Structures are given as structure tokens and as C-alpha cells.
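These notes concern the structure reproduced below.
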Amino acid sequence: MWPEGISGLAAAYFYRARTSPSARILILDNHDDFGGHAKRNELTAGGRMLLANGGTWAIESPYSYSQEAAGLMKELGIDPAALETKCADRNVYRGLGTATFFDKETFGADRLVTGQPSGDTLAGFLADAPLSDAAKKDMARLQTAKVDYLPGLSQAEKKDRLSRMSYKDFLVNLVKTDPAVVRFYQTRPHDLFGVGIDAVSALDCWAMRYPGFEGMSLDRVTTPRVDFTPGGDLVEEAQPYYFHFPDGNASIARLLVRALVPGVAPGSTAEDVVTARFDYSRLDHKDSPVRIRLNSTVVRARNLGDPSASREVEVAYTCEKQLYSVRGKAAIMACWNMVIPYLCPELPDGQKRALQYGAKVPLVYSVVAARNWTAFRKLGVRGVSSPGMYHLGVHLDQPVSIGGYQCPKSPEEPMLLRMTRTPCMPGLPERDQHRAGRVELLTTPFATFERKIRDQLGRILGSGGFDPARDITAITVNRWPHGYAYEYNALWDPDWPEGQRPCDLARKPFGRIAIANSDAAAAAYTDQAIDQGYRAVRELLRQPA
Ligand SMILES: Cc1cc2nc3c(=O)[nH]c(=O)nc-3n(C[C@H](O)[C@H](O)[C@H](O)COP(=O)(O)OP(=O)(O)OC[C@H]3O[C@@H](n4cnc5c(N)ncnc54)[C@H](O)[C@@H]3O)c2cc1C
Numbered sequence: 194m195w196p197e198g199i200s201g202l203a204a205a206y207f208y209r210a211r212t213s214p215s216a217r218i219l220i221l222d223n224h225d226d227f228g229g230h231a232k233r234n235e236l237t238a239g240g241r242m243l244l245a246n247g248g249t250w251a252i253e254s255p256y257s258y259s260q261e262a263a264g265l266m267k268e269l270g271i272d273p274a275a276l277e278t279k280c281a282d283r284n285v286y287r288g289l290g291t292a293t294f295f296d297k298e299t300f301g302a303d304r305l306v307t308g309q310p311s312g313d314t315l316a317g318f319l320a321d322a323p324l325s326d327a328a329k330k331d332m333a334r335l336q337t338a339k340v341d342y343l344p345g346l347s348q349a350e351k352k353d354r355l356s357r358m359s360y361k362d363f364l365v366n367l368v369k370t371d372p373a374v375v376r377f378y379q380t381r382p383h384d385l386f387g388v389g390i391d392a393v394s395a396l397d398c399w400a401m402r403y404p405g406f407e408g409m410s411l412d413r414v415t416t417p418r419v420d421f422t423p424g425g426d427l428v429e430e431a432q433p434y435y436f437h438f439p440d441g442n443a444s445i446a447r448l449l450v451r452a453l454v455p456g457v458a459p460g461s462t463a464e465d466v467v468t469a470r471f472d473y474s475r476l477d478h479k480d481s482p483v484r485i486r487l488n489s490t491v492v493r494a495r496n497l498g499d500p501s502a503s504r505e506v507e508v509a510y511t512c513e514k515q516l517y518s519v520r521g522k523a524a525i526m527a528c529w530n531m532v533i534p535y536l537c538p539e540l541p542d543g544q545k546r547a548l549q550y551g552a553k554v555p556l557v558y559s560v561v562a563a564r565n566w567t568a569f570r571k572l573g574v575r576g577v578s579s580p581g582m583y584h585l586g587v588h589l590d591q592p593v594s595i596g597g598y599q600c601p602k603s604p605e606e607p608m609l610l611r612m613t614r615t616p617c618m619p620g621l622p623e624r625d626q627h628r629a630g631r632v633e634l635l636t637t638p639f640a641t642f643e644r645k646i647r648d649q650l651g652r653i654l655g656s657g658g659f660d661p662a663r664d665i666t667a668i669t670v671n672r673w674p675h676g677y678a679y680e681y682n683a684l685w686d687p688d689w690p691e692g693q694r695p696c697d698l699a700r701k702p703f704g705r706i707a708i709a710n711s712d713a714a715a716a717a718y719t720d721q722a723i724d725q726g727y728r729a730v731r732e733l734l735r736q737p738a
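Under the numbering used here, residues 194 to 738 are what the sequence shown spells out, in order.
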């Protein structure tokens, strides 16, 4: 077997559960840690350890967790609603709001403006914003006017048209707003889509409750890509299936590994796993039926003999400049679709093309340890978005105390600040934007990130007394050149017939090799990664042993 991140770990869990506790499973990953995108950051600040998610943020999804994914959560001891009630500390940031930082390069002046350009705070927001009168007027019109911009069309026709025009085109051509309004919204979908409003459909933006659709009489139903409003910096209301561990879904990966590898970590609950110390020397132990081998890059996977009759696979991998090969009854490729054709050159050409269709979304989660967060308290904010700057904004880490882990509570305590960047190239088709963003990520030195972070935090928080030279104590930049799985986009992708999407064709088993991972669902969510692991195992077990 050969799985890796949450999809691979889940596949190993399902395989063992459906075969035997003594089933021998080898898990190979090229990284020095397990979990893939579900990565844990540990930072030391003010003499204490603070945890952050380096990748996967939380248990949440626009899809309902399937029986298998929810069942796995339950077996691991995770009850998201109960954990949310017990561990999320909603009082820590009580009284703090949100703000926007207008930067001089994009908007002509550096200015922090509290509130939002909507509802009760609209008038105050516009009064303070460094925008022209024309732009302010258009911003207000966009928010408040109830105009049907596609008169005479049926509801279905309107939704179809909106799914085929970008939100930028909607603003420019239908609402006819000032260019500064477009600049204000340009990067808003970045954290979810990895691209701006030039590449996201107006229909998706409607589903995310962007302004402009109030007068269009659209019934609120789901769109293919979005059927929820992203939580933003702090989820105010308990959601039915939501929980953020302090290290994100790395806790799920840790729970899976603890369940798979005996003796690797103490404890038995979803709460105690957060601070449990893992013994990495146990991961690849000869006495354990499940072995996790890190720093091992797979370079080849093939069926031995004719794939249609194969009973054995061979996987070759490199570790510390040595090449090794292992044989087993089956392999699960739970890596990324686009590398699989290089690892399995015998695959049919059509399947290879399908595997290479998507382009993973590059993104960066920068985590900054600060001496304290008094500047936020002074400014009355818990998060600031900065639509024109290098990172999309800065937010205080979500407060969760669980097991032996206590989140910072007083503004004088050290705190982690969260910043996201999603490199892309507006104007290109979505997949090309991701490719261009990946090149940027692979060629940007850490010093650039550090300089940008210091400059940005100084400008945004300076008036609250924040001094980057004094107050920043550590920076971790989590680069994900291959981040979210590519999700199909009506603006750029055809309407494939049912069962004919590239991911459907790409995930077909090939002899004793099955394909898992979130690319196999074309959906960048943990539950989808788990579901694909489950499907891959089921496909293998259906075959004659
Ligand atoms: C920054 C970020 C934030 C996210 N936030 C959320 C969230 O809040 N909620 C949510 O539900 N989902 C979120 N997602 C999506 C979610 O993390 C993924 O859908 C899921 O974790 C993917 O799991 P996976 O096992 O399919 O892939 P991965 O986690 O990518 O694991 C694949 C592993 O395969 C390894 N690999 C690749 N090639 C080879 C090779 N040749 N040899 C050996 N190993 C190889 C990779 O290095 C990686 O470790 C987020 C994703 C990212 C990137």
C-alpha cells in the first residue's frame, strides 16, 4: 500500500478495518511529517508553545460529511458540535470588530477603516474610506439598490448567465461601478478560490452573499461550487459540522496515526491528542503491521504482469539518495493527480490526460508570533482585511482551549497572527493563474515574505502601537505550491456529462493500483479526501485477492 495525507491515512484505516488488524501496510510520504496539507505548526512565544494550523484549517465543508467520513470522525472520538461547545472560547475577542486597511499603492492613501461597507456601518465606512465621491456613491448603490440587472429572464436563465460571467464583469458591465469598487472586491474570493473576481463567477459570488443581487429575485439554493458563506475570520454562530483544533485538521492526522501505529503517542481522546508528544522513532517500526516511512519519495508504481490479471504491485521510492523497491498486494496512490502519470507511465493515455487536467491552487499561510496583541485591543479589531496588499489581511488566531492546551486570553499574552496570500495572475484562465502563482511561490525567498509581513503589520497596526521590530518574535511561512484540489469552474470548464468529469475518469483503478486523494473528487476538503480513500479501498477489496 502507498498512501500519505489524510486521504492515504484514512485509506489505511479503512483497509485495516475491512481486512485484519494484522494487515501489513506501508505508508510512504516525501515530507518529514505525516498529514500532507493537514500540517501542524508549533511556535514558541513568551516561553510557551502556541499551536497553529500550517495548512487545513478546520472540520467544515460545503458537502455534508458522508456516512463513512462522519463514521471515521466518530471512531476517532471527534464530535465537532460537542467540541465546539466545550472548547471554542467565544469571549476572548468579545467587543472586537473587523476593519479594512486601504493601502496607498492601490487606493492612494494608507488608512484603517473599521466596520464593513454594508448594513449599519456602511455610512461610517464610506465616510472614512479614501475613495473618490463617485466610488463611494457606487459602493453604496451596489449595497443598497434593488436593481434587476438581467430583466426579462427567468430565474434559471439568470442563474445560467451569472454562472458564465465573472463577478468583475457583473460589476463592470451590468452594475457599471467605478474601477475603485472593482479593486476593493478584486481579492475577496482569494482565500477560498485562489483567484480574484475576474475568474470567479457572479453566481458563486451571489452564493457567497457578495453585494449587487438583492433586486434579482434569486432563490437561495446551492451553486455547484459554493453552498455556504465562508466563516470569515471568526465563526460567530455554531455550525452543525464545524470545529477548529488549534493545529487545524493536523489533529485528525495525529488521531489516525495514533490509531494505526501502536505506542506512537499516549492518550485516547480527541482532546488529549492536541498536546500528546509523538515518538517519531515508532512510525516505521519493524514490529508494527502499519509502518509510516517519511522522507520517501515514490518514483514508480507498477502492476507486476498484465494489469488486468495482476496480483502484485511494485513501488519504487527514494530515501536519502538511495533507491528502494517494495512489493505488495496492492497500492493506493493518495498523492496528487498530476504526478501520477509520471509514476505510472503504463496508464492509458486518456486517463493520464484526465489526471493532468486540474491545476492545484497555490496558497500561503503565514503565521506570526507576536509578543502581545494590545494593538488589536486598542484599535478595537480582531481582524483586518487588506484587499490590495501582499497578504490578504491579518487576523488573531481563533481562540480554542482543548485538553491541556490553553489559548492566549489576555491582550498582554503572546499571540499568533494569521495571514494568507494566494499568488495568481488576474486576467488569465483560472488554471493558468494557479500555474503562474506556483512559479511565484517557488521563486520567492523567505526574506521577501518577512519584509512584506513586517511592512504590512507595521502599516496596518502601527496606529495601535504595534512595532514590528519589537513585537514580532517568530514567523513561519507555510507555502502550498500544490494546495487546494482544483474545483471545476463554469467560467473556464465545460459542462461535462454525468460521470465524465476529468476526476471521474482519472480515478479509475488500474490493475492493483487504486487512486485516492482530494483531486480524485475535484474538491478541496477533508471529508472528500476521506471519501476518496474509502472508495479506493472498496475498489481494491472488490477485486479477487
Ligand atoms: C492551506 C490549505 C487549507 C485548507 N483548509 C481546509 C479546511 O479548512 N477544511 C477542509 O476540509 N479542507 C481544507 N483544505 C483541503 C484539505 O486539506 C485537503 O482536501 C486534504 O487534506 C487533502 O488530503 P490528501 O490526502 O488528498 O492530500 P495531501 O494532504 O496533499 O496529501 C498528499 C501527500 O502526498 C505526498 N506526495 C505527493 N507526491 C508524492 C510522491 N511522489 N511520493 C511520496 N509522497 C508524495 C504529498 O507531499 C502529501 O504529503 C485545505 C487545504 C490547504 C492546502
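Beta carbons are placed, not taken as given, at the ideal position from N, Cα and C, and that holds for glycine.
Predicted model, so just to flag it, every value in this text is computed and none were measured.
Can you find a heavy atom of ligand 1 that lies under 7 Å from the Cβ of Leu734? Indexing the sequence shown from 1 puts residue 734 at position 541. False, no ligand heavy atom lies under 7 Å from that Cβ.
His224 (DSSP reduced to helix, strand or coil): Indexing the sequence shown from 1 puts residue 224 at position 31. In the structure shown, His224 sits in coil (DSSP, three-state: anything other than H, G, I, E or B).
Is the segment 584-594 touching the segment 712-726 in the sense that three or more CB pairs, one from each, lie closer than 8 Å? no
Run through the segment 429-487 for me and flag every whole beta strand (DSSP E) of 3 or more residues, listed as ranges in chain order. 483-486
Identify, in the order they occur along the chain, each residue of the same chain with its Cβ nearer than 6 Å to the Cβ of Pro423, setting aside the five sequence neighbours on each side. As a first step, residue 423 must be located in the sequence shown, where it is residue number 230. Here the model assigns Pro423 a pLDDT of 34, short of 50, so the residue's position is not dependable and the matter cannot be decided.
Can you tell me which residues form a DSSP beta bridge with Val492? Taking the sequence shown and counting its residues from 1, one reaches residue 492 at position 299. None, per the DSSP bridge assignment.
Extract the residue ranges of the alpha helix (DSSP H) inside the segment 351-381, only unbroken runs of 4 or more that lie entirely within it. 372-378
Alpha carbon of Leu476 to alpha carbon of Val450, nearest angstrom: Here residue 476 corresponds to residue number 283 of the sequence shown, with the count starting at 1. Here residue 450 corresponds to residue number 257 of the sequence shown, with the count starting at 1. Distance between the alpha carbons of Leu476 and Val450 is about 8 Å.
Taking 7 Å as the cut-off, does the CB of Gly248 come closer than this to any heavy atom belonging to ligand 1? Working through the sequence shown from its first residue, we reach residue 248 at position 55. Gly248: yes, Cβ under 7 Å from ligand 1.
Is DSSP giving Ala715 helix, strand or coil here? If you number the sequence shown from 1, residue 715 lands on position 522. Coil at Ala715, not helix or strand.
Bridge partners for Val554 per DSSP, in chain order? The count along the sequence shown starts at 1 and reaches residue 554 at position 361. DSSP output for Val554 lists Tyr677 as bridge partner(s).
Do the CB positions of Ala729 and Ala699 come within less than 8 Å of each other? Taking the first residue of the sequence shown as 1, we reach residue 729 at position 536. Taking the first residue of the sequence shown as 1, we reach residue 699 at position 506. Against a cut-off of 8 Å, the Cβ pair of Ala699 and Ala729 comes out as no contact.
Identified DSSP bridge partners for Val519: Numbered from its first residue, the sequence shown carries residue 519 at position 326. Looking at the DSSP assignment, Val519 forms a beta bridge with Val508.
Is it the case that the CB of Leu449 approaches a heavy atom of ligand 1 more closely than 7 Å? Counted from its first residue, the sequence shown places residue 449 at position 256. Checking the Cβ of Leu449 against ligand 1 gives no.
Using 7 Å as the cut-off, classify the Cβ of Gln591 as near or not near the heavy atoms of ligand 1, replying yes or no. The residue labelled residue 591 in the question sits at position 398 within the sequence shown. Result no, Cβ not under 7 Å from ligand 1.
At what residues does the alpha helix (DSSP H) containing Ala320 begin and finish? The sequence position of residue 320 within the sequence shown is 127, counting from 1. Unbroken alpha helix (DSSP H) run through Ala320: Leu315 to Asp321.
In or out: Ala203 buried (at least 16 other Cβ within 10 Å) or exposed? Position 10 of the sequence shown, counted from the start, is the residue given in the question as residue 203. So Ala203 counts as buried.
Using the beta-carbon count (16 or more within 10 Å), is Arg287 buried or exposed? Against the sequence shown, residue 287 aligns to sequence position 94. So Arg287 ends up on the exposed side.
With 16 other CB atoms within 10 Å as the buried threshold, where does Val632 fall? One-based indexing of the sequence shown puts residue 632 at position 439. That one is exposed.
Who are the near neighbours of Tyr378 in its chain, counting only those whose CB is closer than 6 Å to its CB and skipping five residues on each side? By 1-based counting over the sequence shown, the position of residue 378 is 185. Excluding residues within five positions, the ones whose Cβ falls inside 6 Å are Ile390.
Between the CA atoms of Tyr434 and Pro273 - distance to the nearest angstrom: Counted from its first residue, the sequence shown places residue 273 at position 80. Counted from its first residue, the sequence shown places residue 434 at position 241. Cα to Cα, Pro273 sits roughly 6 Å from Tyr434.
Is Ile595 near ligand 1, in the sense that its beta carbon is under 7 Å from a heavy atom of that ligand? Along the sequence shown, one-based indexing puts residue 595 at 402. Result no, Cβ not under 7 Å from ligand 1.
Let's test the definition: count the other Cβ atoms within 10 Å of the Cβ of Tyr371 and tell me whether it reaches 16, buried, or not, exposed. As a working note, residue 371 is residue 178 in the sequence shown. Before going on, a small fix: residue 371 reads as Asp here, not Tyr. Asp371 is buried by the Cβ-count criterion.
Looking only at C-alpha atoms, which of Pro404, Ala322, Gly201 and Gly308 sits nearest to Asp341? Along the sequence shown, one-based indexing puts residue 341 at 148. The shortest C-alpha separation from Asp341 is found at Pro404.
Taking the alpha helix (DSSP H) that Met332 falls in, what are its first and last residues? Working through the sequence shown from its first residue, we reach residue 332 at position 139. It spans Asp326 to Thr337 - the alpha helix (DSSP H) in which Met332 sits, taken as one unbroken run.
Residues bridged to Ile595 (per DSSP): Stepping through the sequence shown from its first residue, residue 595 is reached at position 402. Answer by DSSP bridge pairing, in chain order: Tyr598.
Contact under 8 Å by Cβ, Asn496 with Gly704: Translated into the one-based positions of the sequence shown, residue 496 becomes position 303. Translated into the one-based positions of the sequence shown, residue 704 becomes position 511. For Asn496 and Gly704, yes; Cβs fall inside 8 Å.
Under the three-state DSSP convention, the category Asn682 falls into: Position 489 of the sequence shown, counting from 1, holds the residue named residue 682. Coil, per DSSP.
Cβ contact check for the segment 506-523 and the segment 661-679: 3 or more pairs under 8 Å: Result no; under three Cβ-Cβ pairs closer than 8 Å.
Can you check whether the CB of Thr314 is closer than 8 Å to the CB of Arg575? Taking the first residue of the sequence shown as 1, we reach residue 575 at position 382. Taking the first residue of the sequence shown as 1, we reach residue 314 at position 121. Against a cut-off of 8 Å, the Cβ pair of Thr314 and Arg575 comes out as no contact.
Under 8 Å, do Asp296 and Ser579 count as touching if we go by C-beta distance? For this step, residue 296 is matched to residue 103 along the sequence shown. For this step, residue 579 is matched to residue 386 along the sequence shown. Closer than 8 Å, so yes.
With a threshold of 16 other CB atoms inside 10 Å of the CB of Tyr535, please say whether the residue is buried or exposed. Within the sequence shown, the letter at position 342 stands for residue 535. Exposed is the call here.
Less than 8 Å between the beta carbons of Gln626 and Ala392, yes or no? By 1-based counting over the sequence shown, the position of residue 626 is 433. By 1-based counting over the sequence shown, the position of residue 392 is 199. Gln626 places its beta carbon less than 8 Å from that of Ala392.
Run through the DSSP bridge pairs and tell me what Phe294 is partnered with. Translated into positions along the sequence shown, residue 294 becomes position 101. Phe294 pairs with Leu305.
Taking 8 Å as the limit between beta carbons, can you name the residues of its chain near Leu516, skipping five residues before and five after? Translated into positions along the sequence shown, residue 516 becomes position 323. Only residues of its own chain outside the window of five on either side were considered, and among them Val492, Ala509 and Tyr510 have a CB closer than 8 Å to the CB of Leu516, listed in chain order.
Starting from Ala524, trace the beta strand (DSSP E) in both directions and tell me its first and last residue. Sequence index remark: in the sequence shown, residue 524 carries index 331 (1-based). Ala524 to Met526 is the extent of the beta strand (DSSP E) around Ala524.
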